[in-house]
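Notes follow once the structure below has been shown.
Residue numbers (full-length UniProt numbering), protein chains in the order written: chain S, 1 to 585; chain Z, 1 to 221.
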């Protein structure tokens with residue numbers, strides 16, 4: 001019966017059916033049904049997502065999927081965002097571009113995150129892919145405006161150039177002039193990360209003016225307030241806008257011009273930027289506010305009253321990023337005005353200050369959890385917390401998918417009971433059954449990990465710092481969290497026992513990061529030896545780890561599964577625990 | 001090299017700066033204190049590190065480091081981050097690497113905004129000046145930008161050939177055609193670090209300077 005079915009569908013029909021299956025997970029599932037499906041699927045796979053660029057080699061990807069049009073690659077581990085990964089660790093995209101230049105002449109999209117991109121790579125992209133459309137460089141580094149000039153001039157049908165949060169060597173603002181007059185295809189341009197060196201504004205204006213499909217434009221800090229009105233008027237179709245500087249001496253003509261410009265943008269739903277805000281100019285946004293679904297004020301040093309005024313004009317708000325200047329009072333106002341809120345991120349205005357500079361406490365988050373029934377994603381920096389507050393929040397928001405709490409002072413206890421916050425976080429994982437991402441902070445014992453191992457069955461990413469008492473904590477997580485893909489730990493007393501006992505688990509995960517813990521060099525070596533499909537990398541900028549006794553803890557450990565073996569581009573301060581590679585080293 | 005068990009680091013109440021050590025329950029594996037991921041370590045790679053201290057038991061190194069700190073010989077306080085999970089010491093500024101977990105990018109921008117809050121004009125100017133370095137683009141490159149105050153043209157200098165402030169400043173003097181007297185009278189060496197802050201090079205040891213600098217400016221004093 002089955003045989004008949006296989007022959008009754010010609011490949012083209014199956015291919016057509018598969019073309020409706022876009023999600024990577026589903027595609028992977030399709031390819032495992034049978035050999036012929038595997039074959040058909042691999043020939044028609046157009047989009048590839050590689051969560052760790054070292055998990056597989058470019059050649060392997062190309063061999064399996066010969067007709068890819070879109071690729072997404074991630075490089076450095078997440079903790080690289082916080083300077084925990086030394087410069088030069090890796091994540092170079094050039095080898096990928098080189099291989100793809102030959103194999104995928106019709107490649108259209110490249111999306112990179114935390115990778116090192118050089119001007120050479122950008123030039124190669126511009127030269128090799130005639131139909132190139134989308135370049136997203138998220139938190140990347142290593143390139144300059146020269147590389148951008150190459151992209152601008154070389155990619156004739158460029159639709160998206162998004163440099164969000166990347167570090168760019170700003171050699172000249174004139175790279176924008178390299179977009180030819182014939183370029184009218186831009187849909188999205190995000191240059192918000194560029195330095196304040198002069199960006200050729202006239203070139204920018206002309207570019208914006210000739211791209212009628214431009215939907216998303218995020219300017220950098222160099223663009224001054226007075227220039228915003230002109231830009232908006234030439235692009236009233238914008239859906240997402242990032243201002244540059246939002247500060248200038250208050251002048252009624254500039255203000256009214258701005259008011260007019262914003263009100264001409266009937267599609268505008270998302271605003272960001274707002275460096276250096278002069279509050280008197282905020283009312284210019286009011287015409288847009290009623291439609292606004294996303295607002296990023298996380299660079300704006302405006303105080304709570306001004307934030308409240310703005311936010312109370314935004315009943316449709318779904319995403320808010322803001323500094324802790326919003327304070328508890330602002331969050332209470334948010335809770336009563338924005339019933340559709342799904343995501344809230346509150347960043348610290350003075351992360352390194354020892355003193356409290358704002359009145360933002362656990363109360364603010366409790367208020368939002370109570371007032372915003374659709375709240376799903378939280379990132380919250382504060383200085384105090386209680387178990388009671390966390391329990392309340394958990395009960396109010398059982399739909400959380402992401403909960404990241406950062407109590408600024410490590411090992412801070414419940415300030416009322418002086419107990420650890422185990423019970424509070426336990427409530428979060430118990431009530432929020434769909435929780436995918438969790439970041440812990442505060443005083444925590446092994447108990448919190450017991451709760452996590454017991455309840456957090458859908459948890460995919462866990463970040464831990466200054467927590468736990470013993471290996472038991474790590475063991476609970478590794479043995480209990482069935483969906484765990486990424487685990488990153490710093491400054492916890494977790495060592496060899498839990499790691500080695502759960503070695504097999506590591507092959508089911510993308511990666512494990514442990515720094516300033518108590519995993520010994522000997523254990524790392526053992527793990528490397530026993531698990532050939534794991535790359536076990538020890539990072540130590542001081543000495544080779546074998547210059548010390550094997551029982552000495554390693555500084556940083558990064559373990560990830562890979563089908564391509566240890567990498568060849570390790571810098572001198574990274575040691576692989578793979579036996580074979582060590583011999584060749 | 002024989003490591004001695006010596007003073008067990010985590011349980012000894014010990015206040016290098018008069019701060020209280022917060023001691024968590026903490027496993028000490030084997031004969032090696034967790035300070036092996038050492039504060040002094042990275043300097044060895046840079047060369048010129050005092051070989052003798054390697055013979056000293058690990059725990060004593062902590063004491064040495066502490067007393068030398070004022071002399072500017074050793075690392076900056078930030079290196080404390082890497083050793084001892086049980087000792088969380090603050091330095092009134094940034095005591096721990098990567099904590100709180102705020103993206104470097106965000107920290108850099110926040111600094112500009114925070115410092116200039118009172119005066120918008122000054123902020124804009126600061127932003128324009130401070131961000132002119134961009135990033136240190138190439139991980140493998142040892143070249144950094146050097147600007148002289150009052151001079152629009154930026155130069156690039158190869159740091160790898162220098163091992164001290166003396167050699168660096170003599171090259172800079174040559175590059176910008178500044179006489180010894182002019183230098184002593186009216187110039188100071190400033191640099192922008194990874195966090196975006198501008199600092200005076202004379203305030204920090206060479207190793208700190210080299211490791212955290214992104215670009216250099218010759219400012220008129």
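C-beta atoms are modelled at their ideal positions from N, C-alpha and C, and glycine is treated no differently.
Using only CA atoms, which one of S:521, S:568, S:536 lies nearest to residue 592 of chain S? An answer regarding residue 592 of chain S cannot be provided, because it is not within the stretch 1 to 585 covered by chain S.
Determine, for residue 299 of chain S, whether the minimum Cβ-Cβ distance to residues of chain Z falls below 9 Å. Taking Cβ atoms only, chain Z reaches closer than 9 Å to residue 299 of chain S, which makes this a yes.
Quick check on the burial criterion: 16 or more other C-beta atoms within 10 angstroms. Buried or exposed for residue 26 of chain S? Flag for residue 26 of chain S reads exposed.
Going along the chain, which residues of the UniProt domain "PB1" (141-221) of chain Z sit with their C-beta nearer than 7 Å to a C-beta in chain S? From the UniProt domain "PB1" (141-221) of chain Z, no residue has a Cβ closer than 7 Å to chain S.
Here's the rule I'm using: 16 or more other beta-carbon atoms within 10 Å means buried, otherwise exposed. How should residue 52 of chain S be labelled? Around the beta-carbon of residue 52 of chain S, 16 or more other beta-carbon atoms lie within 10 Å, marking it buried.
Positions along the segment 229-240 of chain S whose CB lies within less than 9 Å of some CB in chain Z: Residues passing the 9 Å Cβ filter: none.
For a quick check, are the C-beta atoms of residue 539 of chain S and residue 558 of chain S less than 9 Å apart? Contact flag set, yes.
Buried/exposed call for residue 78 of chain S, threshold 16 Cβ in 10 Å: Its Cβ being crowded by 16 or more others within 10 Å, residue 78 of chain S is buried.
I'd like the list of long-range same chain contacts for residue 329 of chain S, defined as Cβ closer than 6 Å, with 5 residues on each side in sequence excluded. The residues 304, in chain order, have a CB closer than 6 Å to that of residue 329 of chain S in the same chain once the five nearest residues on each side in sequence are set aside.
Verify the CB distance criterion: does residue 352 of chain S have a CB-CB separation below 9 Å to chain Z? So, interface residue.
Examine chain Z for any beta-carbon lying closer than 9 Å to the beta-carbon of residue 463 of chain S, and answer yes or no. Judged by the 9 Å Cβ criterion, residue 463 of chain S is in contact with chain Z.
Beta-carbon gap between residue 472 of chain S and residue 503 of chain S smaller than 9 Å: The Cβ atoms of residue 472 of chain S and residue 503 of chain S do not sit closer than 9 Å to each other.
If you draw a straight line from the C-alpha of residue 209 of chain Z to the C-alpha of residue 172 of chain S, how long is it? Taken atom to atom, the span from the alpha-carbon of residue 209 of chain Z to that of residue 172 of chain S is near 26 Å.
With burial defined as no fewer than 16 other Cβ atoms inside 10 Å of the residue's Cβ, what is the status of residue 159 of chain S: buried or exposed? Under the 10 Å beta carbon count, residue 159 of chain S is surrounded by 16 or more other beta carbons and is classified as buried.
Cβ contact check for the segment 194-209 of chain Z and the segment 151-158 of chain Z: 3 or more pairs under 8 Å: Counting Cβ pairs under 8 Å, fewer than three are found: no touch.
Can you check whether the C-beta of residue 490 of chain S is within less than 9 Å of a C-beta belonging to chain Z? Closer than 9 Å to some Cβ of chain Z, the Cβ of residue 490 of chain S qualifies, so yes.
Exposure label - residue 523 of chain S; buried when at least 16 CB within 10 Å: With at least 16 other beta carbons inside 10 angstroms of its own, residue 523 of chain S counts as buried.
By the criterion of Cβ-Cβ separation under 8 Å, what are the contact partners of residue 129 of chain S in chain Z? Counting only Cβ-Cβ distances below 8 Å, residue 129 of chain S has no contacts in chain Z at all, with the closest Cβ about 23 Å away.
Please report the straight-line C-alpha distance between residue 127 of chain S and residue 324 of chain S, rounded to a whole angstrom. The straight-line gap from Cα to Cα measures roughly 46 Å.
Nearest-angstrom Cα distance between residue 88 of chain Z and residue 413 of chain S? At residue 88 of chain Z the pLDDT is 40, less than 50, meaning the model places this residue with poor confidence; the figure from the coordinates comes in the next sentence. Using only the alpha carbons, I get a separation of about 15 Å.
Give me the subset of the segment 62-81 of chain S whose CB atoms are less than 8 Å from a CB atom of chain B, sorted by chain position. The displayed structure is made up of protein chains S and Z, and chain B is not among them.
Taking only beta-carbon positions, decide if residue 330 of chain S is within less than 9 Å of chain Z. Closer than 9 Å: no.
CB contact below 9 Å: residue 252 of chain S versus chain Z: With 9 Å as the cut-off, residue 252 of chain S does not count as an interface residue toward chain Z.
For residue 463 of chain S, I'd like the list of residues in its chain whose CB is within less than 6 Å of its CB, leaving aside the five on either flank, ordered along the chain. Excluding residues within five positions, the ones whose Cβ falls inside 6 Å are 439, 488.
Report yes if the CB atom of residue 115 of chain S is closer than 9 Å to the CB atom of residue 136 of chain S, and no otherwise. Result no, Cβ atoms of residue 115 of chain S and residue 136 of chain S do not sit closer than 9 Å.
Given a cut-off of 9 Å on the beta-carbon distance, is the pair residue 214 of chain Z and residue 102 of chain Z in contact? The Cβ-Cβ distance between residue 214 of chain Z and residue 102 of chain Z does not fall below 9 Å.
is_contact[residue 201 of chain S, chain Z] using C-beta, thresh 9 Å: Not an interface residue.
Tell me the DSSP secondary structure of residue 294 of chain S in three-state form. The three-state reading of DSSP puts residue 294 of chain S in strand, counting E and B together.
Can you list the residues of chain Z that residue 348 of chain S reaches, using a CB-CB cut of under 7 Å? Within chain Z, the residues near residue 348 of chain S are 100, 102.
What ranges does the alpha helix (DSSP H) occupy inside the segment 146-189 of chain Z, keeping only unbroken runs of at least 4 residues that lie completely in it? Qualifying alpha helix (DSSP H) stretches, in chain order: 165-175, 180-186.
Short-range partners of chain Z found in the segment 405-435 of chain S, where Cβ spacing is below 7 Å: If the cut-off is 7 Å between Cβ atoms, the segment 405-435 of chain S has 406, 408, 410, 411 near chain Z.
Neighbour list for residue 83 of chain S in chain Z, Cβ cutoff strictly below 8 Å: When 8 Å is used as the limit between beta carbons, residue 83 of chain S is near these residues of chain Z: 97, 98, 104, 194, in chain order.
Rounded separation between residue 40 of chain S and residue 102 of chain S - CA only: Taking the straight line joining both Cα atoms gives about 22 Å.
By the three-class DSSP mapping on this structure, what secondary structure does residue 276 of chain S have? It is coil, neither helix nor strand.
I'd like the span of the alpha helix (DSSP H) that includes residue 19 of chain S, first residue to last. Neither: residue 19 of chain S is in no alpha helix (DSSP H) and is coded neither H nor E.
Expressed to the nearest angstrom, what Euclidean distance is found between the alpha-carbon atoms of residue 366 of chain S and residue 510 of chain S? Whole-angstrom Cα-Cα distance: 34 Å.
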